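For reference, the structure is listed below as structure tokens.
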Amino acid sequence: MKMKLSLSWLLAEIFLINTELKLIQLLSRKASLVSNMDNQIECLHEELRFLRTFLMHNMDIEANIGDQKLLLTHLEAVNSLSISLISSFLYNEMATESSLSLPRLLGHIKLIKAEAILV
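Using mature numbering (1 follows the signal peptide of the UniProt record, and there is no 0), the letters of the sequence shown correspond one by one to residues -19 to -1, 1 to 100.
If you want it as structure tokens, here you go:
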């Protein structure tokens, strides 16, 4: 069970790295972003980096397995939403809807950060 959980942590870390790479690709196209969204996208990058760093440094922590699984589930959901949002910006799909979802995503990440600190 512990081995499977460790692999899940590694997979979550890989997914976050992939998301960061997409985000960097988006940030390289800064000229097309509205200033306010640019700040939020930079903030998203910082938050994702925090989550990835947390995963890297806390993989071996002896914590409640149930709490770790729940945290991983939340991380996977945030990562999936992040990729979807970043892709929509990259390919100019639903720009208005995406700009409304970004603050919500950042709020969700802040909750996960608090959860991660408690685990």
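For each residue, glycine too, the CB sits at the ideal point set by N, CA and C. Source: prediction; values computed, not measured.
Residue interval of the alpha helix (DSSP H) (run including residue i)
i     : result
Asn60 : Ile46 to Leu71
Residue j beta carbon less than 7 Å from that of residue i
i       : j     : result
Leu86   : Leu62 : yes
Ile(-4) : Leu32 : Note on identity: in this sequence residue -4 is Leu, with Ile being the wrong assignment. Yes, they are a contact pair.
Glu1    : Leu29 : yes
His55   : Ile5  : no
Proximity to residue i [Cα-Cα], best of the options
i       : options                         : result
Lys91   : His26, Glu1 and Ser(-14)        : His26
Glu(-7) : Asn20, Val59 and Ser65          : Val59
Gln21   : Phe70, Leu99, Ile93 and Ala95   : Phe70
Gly88   : Gln49, Cys24, Ser9 and Leu(-10) : Cys24
C-alpha distance - residue i paired with residue j, whole-angstrom precision
i        : j        : result
Lys3     : Leu83    : 15 Å
Met18    : Leu7     : 11 Å
Ile67    : Gly47    : 30 Å
Ser(-14) : Glu96    : 18 Å
Ser65    : Ser(-12) : 21 Å
Leu(-2)  : Glu57    : Contrary to the premise, residue -2 reads as Asn rather than Leu in this sequence. Near 12 Å, if we compare the C-alpha coordinates of Glu57 and Asn(-2).
Leu(-10) : Tyr72    : 29 Å
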